[in-house]
Amino acid sequence: MGSTELTIAVLGLFLAGALKGATGIGYSTCALPFLVASVGLQRAMALVIVPAIVSNFSLMMNGGGTGAALRRFWRFYIAIIPGIALGTGLLAGADHGVAVQLLGILTLTYATIAIARPGLAIGPIGERILALPAGFANGVLTGFTGSQIMPLMPYMMALRLSASEQVQAINLAVTLTSLALGGALLIAGIVDWNILVLSALGALPAIIGVEAGSCVRRRLSTQRFRQFSLVMLGLLGLGLMVQSNHRLADCSVTPRSGIGQSAPECPKTASQHASR
């Protein structure tokens, strides 16, 4: 990773922490759209692992109710693991542009649901029935795109949990998911230990960002700033969709051979990125 990429990555990790501290939006959700354009999806997925764990761990430990969340949602959490294994397996052989396009769709969907807050509702029977498929789907999407919040967020919203219960359940899910994702990316050969070391170092700008965001939150209208941040995230997601769609469309057309003409730079698979 060159000095320019490293600088952009540090800035992205800091800004994601600031958004999380100011609004409470998930760290990975904020960080990935910033990082993907500069360092690529696979590196971005790895870079956010340790900062995401660190930014959630203190909230998880200080908030209480960890045991209750584990007892209630253990099916959801367990199902995430095989889902991540499948998702990273798909990512290893997929075009980079396809995964980025799906990340954009998930980011835009998350922002839309978070702003609209539709009146979703799931009863106790539905909660148990949907826990395994929802957790598995969450793992597949996490392994393929790095996005950890879908369908986790709407599932938890539909259960009508208290604010503290919802925050604890989501923070615990993100922490467990981040740990599983790091292991799966290593096993699949998509990233190496060097990137994870950089991820550990990236926890520092993330923590500084969270503290800075917390200071901002005390001075601004949190709700308005959150709405603004969600709109910006939605636009970033839309931008990822459009950019990756254009690249995929360019690569689907066979370039003409001729003097001065060159083929478009097409997305590579994760295994091709890892071999570079």
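Just so you know, we're using this note's numbering here: the sequence shown kicks off at 235 and counts up by one.
Cβ coordinates follow ideal geometry from the N, Cα and C atoms, glycine included.
Every value quoted in this text rests on a predicted model; they were computed, and no experiment measured them.
Quick one, are the C-beta atoms of V465 and A256 less than 8 Å apart? no
For my contact list, V408 and S262 are in at a C-beta cut-off of 8 Å; report their separation, rounded to the angstrom. 7 Å
Compute the beta-carbon to beta-carbon distance between T376 and G468, rounded to the nearest angstrom, for a pair I have assumed lies under 8 Å. Rounded, the Cβ-Cβ distance is 20 Å, inconsistent with contact.
Which residues in the same chain have their Cβ closer than 6 Å to the Cβ of A446, if we skip the five residues on either side of it in sequence? A252
Exposed unless 16 or more other CB atoms sit within 10 angstroms - verdict on D329: buried
Whose CA, out of W308, P385, I312 and Q276, lies closest to the CA of T343? P385
Stretch pair the segment 379–399 + the segment 352–371: three plus CB contacts closer than 8 Å: yes
What separation, rounded to the nearest whole angstrom, lies between the Cα atoms of L320 and F378? 8 Å
Compute the distance between the beta-carbons of L304 and L413, then report whether it is under 8 Å. no
With 16 other CB atoms within 10 Å as the buried threshold, where does R476 fall? The sequence given here has Val at residue 476, not Arg. With fewer than 16 Cβ atoms within 10 Å of its Cβ, V476 is classed as exposed.
Would you mind working out which of L472, P439 and I404 sits nearest Y389, comparing C-alpha positions? I404
Environment of G274 [buried if 16+ CB atoms lie within 10 Å]: buried
Alpha carbon to alpha carbon, how far is A434 from V284? 5 Å
For A422, which three-state DSSP category applies? coil
Does DSSP put I259 in a helix, in a strand, or in coil? coil
Once the 5 residues before and after L249 are set aside, which same chain residues still bring their CB inside 7 Å of it? F268 and G443
DSSP three-state call for L393: helix, strand or coil? coil
Thinking C-beta only, is G369 closer than 8 Å to G317? yes
Can you tell me which of I259, L247 and I441 puts its alpha carbon nearest to the alpha carbon of S272? L247
Whole-Å CB distance - I349 paired with Q461, under 8 Å assumed: 6 Å
A355 in three-state terms, based on DSSP: coil
Determine the DSSP secondary structure at P385, reduced to helix, strand or coil. coil
In terms of residues, what are the limits of the alpha helix (DSSP H) holding V282? That residue, V282, is in no alpha helix (DSSP H); it is neither H nor E in DSSP.
Whole angstroms is fine: what's the gap from M279's alpha carbon to L266's? 7 Å
Note down, in chain order, each residue of its chain lying with its Cβ closer than 7 Å to the Cβ of L325, except the 5 sequence neighbours on either side. A333, G377, F378, I424 and A504
Would you say T341 and S289 are within 8 Å of each other, going by their C-beta atoms? no
Euclidean distance between Cα positions of L420 and W427: 8 Å
For S448 versus G299, is the C-beta distance shorter than 8 Å? no
Compute the Euclidean distance between the alpha carbons of I314 and V401, then round it to the nearest angstrom. 18 Å
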